[in-house]
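**Student:** Numbering (this note's numbering), first residue to last: 224 to 284.
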Amino acid sequence: MSREERLRLRNQKVRRVFSELERKHPQWKLSALLEETARQVPPISTTTVSAIIKQYGIYAN
């Protein structure tokens with residue numbers, strides 16, 4: 224599996240986990256959702272999670 228493929232799969236997983244948490248905990252603030260997503264998909268930071276969710280820079284697909 225190529226690096227691009229692994230990154231694409233990781234980004235999909237991050238978006239899926241974030242969406243599931245958002246549905247499960249609608250009362251949570253964005254920062255809490257980002258932190259919990261980063262905790263569930265290590266090794267990744269909340270900044271990276273945010274960039275993936277918002278599709279900034281190199282994380283845009």
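Note that CB positions come from ideal geometry on N, CA and C, so glycine has one too. Predicted model only: the values in this text are computed from it and were never measured.
Please name the residue in Arg229, Ser225, Glu228 and Asn234 whose C-alpha comes closest to that of Gln278.
**Tutor:** The option with the nearest alpha carbon to Gln278 is Asn234.
**Student:** Judging by CA-CA distance, which residue of Ile276, Ile281 and Ala283 is the nearest neighbour of Ser242?
**Tutor:** Considering only alpha carbons, the answer is Ile276.
**Student:** For Ser225, count the other beta carbons within 10 Å of its own beta carbon; 16 or more makes it buried, fewer makes it exposed. Which is it?
**Tutor:** Burial call: exposed.
**Student:** If you scan the region 250 to 283 from start to end, which runs of the alpha helix (DSSP H) of 4 or more residues do you find wholly inside it?
**Tutor:** Whole alpha helix (DSSP H) segments, 4+ residues: 253 to 263 and 269 to 277.
**Student:** Distance check for Gly280 and Gln263, CA to CA, integer angstroms please.
**Tutor:** Straight-line Cα distance between these residues: approximately 23 Å.
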